[in-house]
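Under the numbering used here, the first residue of the sequence shown carries the number 1148, and numbering increases by one thereafter. For every residue, glycine included, the Cβ atom is placed at its ideal position computed from N, Cα and C. Before any comments, here is the structure.
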Amino acid sequence: MSDSNIIDAPPAEVPPEIEAQTQEKHQQEPDKKPGNKSITFTIWPPTQRTREAVVNRLVETLSTVSVLSKRYGTLPHDEASAAARLIEEEAFSAASGSGSAEDDGIEVLQVYSRDISRRMLETVKNRATTGSTVDTTARQTPSPSVEPTTTIASEENLSAETES
């Protein structure tokens, strides 16, 4: 093909409706230029959704097999739910009252977290020591190293007695 065969087409015209829509979009979009807007990020107080997630996790930890339940036993689900709500509410109140000079609330969140852990441990310990009906099968399992040596020693004594 030679250059003489190329046809120059007039520029395509944009229909007026599309052109109007394009102009409206540009007018509606805010300027995306960086400005002096300051972004703040705070983690205290936690949202209600976060607090509910904490309570749900506490219920799960208290009522299902966990590191705590292996040592102190599990709580029935309804009792675990009531205890979890109380633990979270008390920890939230204590942390809110502690106050902090930090604007972002990290220190208050740490107080809240530690208080929840401490109160949860106190709850399971107190329940285990009061003799409540707790599933403590994990604590009652004897150590495997103790019983076999006793059995072997008694078998040796029996065989020595029968030989004489």
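* CB-CB under 7 Å to Arg1266, same chain, minus the five flanking residues each way: which ones, in chain order? -> In the sequence shown, residue 1266 corresponds to position 119, counting from 1. The answer, listed in chain order, is Ile1234, Glu1237, Ala1238.
* Asked: Based on Cα-Cα distance, which residue from Thr1276, Ser1228, Gly1246 lies nearest to Val1201?
  -> On the sequence shown, position 54 is the one that residue 1201 refers to. Nearest option by C-alpha distance: Ser1228.
* **Coil, strand or helix - Phe1188 by DSSP** => Position 41 of the sequence shown, counted from the start, is the residue given in the question as residue 1188. Here Phe1188 carries a coil assignment [DSSP, helix/strand/coil].
* **Start-to-end residues for the alpha helix (DSSP H) that takes in Leu1205** => The count along the sequence shown starts at 1 and reaches residue 1205 at position 58. Start and end: 1195-1210.
* **Proximity winner among Ala1241, Thr1277, Asn1273, relative to Arg1261 (alpha-carbon distances)** => Here the question's residue 1261 lines up with position 114 in the sequence shown. Considering only alpha carbons, the answer is Ala1241.
* Asked: CA-CA distance, Asn1273 and Lys1184?
  -> Reading the sequence shown from its first residue, position 126 is the one you call residue 1273. Reading the sequence shown from its first residue, position 37 is the one you call residue 1184. Taking the straight line from one Cα to the other gives about 52 Å.
* DSSP state of Leu1222, grouped into three classes? -> Looking up residue 1222 in the sequence shown gives position 75. It is coil, neither helix nor strand.
* With 16 as the cutoff for other CB atoms within 10 Å, does Leu1268 come out buried or exposed? -> Here residue 1268 corresponds to residue number 121 of the sequence shown, with the count starting at 1. Burial call: exposed.
* Close Cβ partners of Thr1211 (< 8 Å) along its chain, the five nearest in sequence each way excluded -> For this step, residue 1211 is matched to residue 64 along the sequence shown. The beta carbon of Thr1211 sits closer than 8 Å to those of Thr1221, all from its chain and outside the five residues before and after it, given in chain order.
* **Residue span of the alpha helix (DSSP H) that contains Ser1264, given as start and end** => Translated into positions along the sequence shown, residue 1264 becomes position 117. Counting along the chain, the unbroken alpha helix (DSSP H) around Ser1264 starts and ends at 1253-1276.
* How many whole angstroms separate the CB atoms of Ser1231 and Leu1215, which I take to be in contact at a CB cut-off of 8 Å? -> For the purposes of this step, residue 1231 is taken as the residue at position 84 of the sequence shown. For the purposes of this step, residue 1215 is taken as the residue at position 68 of the sequence shown. Note that residue 1231 corresponds to Ala in the displayed sequence, not to Ser. Between Leu1215 and Ala1231 the Cβ distance is about 13 Å, and since that is not below 8 Å, they are no contact.
* Asked: Quick one: is Thr1197 buried, meaning 16 or more other Cβ sit within 10 Å of its Cβ, or exposed?
  -> In the sequence shown, the residue the question calls residue 1197 occupies position 50. When all chains shown are included, Thr1197 counts as exposed.
* Asked: Assuming Ser1243 contacts Pro1193 under a Cβ cut-off of 8 Å, what Cβ separation, rounded to an integer in Å, is found between them?
  -> Residue mapping note: residue 1243 aligns to position 96 of the sequence shown, counting from 1. Residue mapping note: residue 1193 aligns to position 46 of the sequence shown, counting from 1. The Cβ separation is near 10 Å, so there is no contact.
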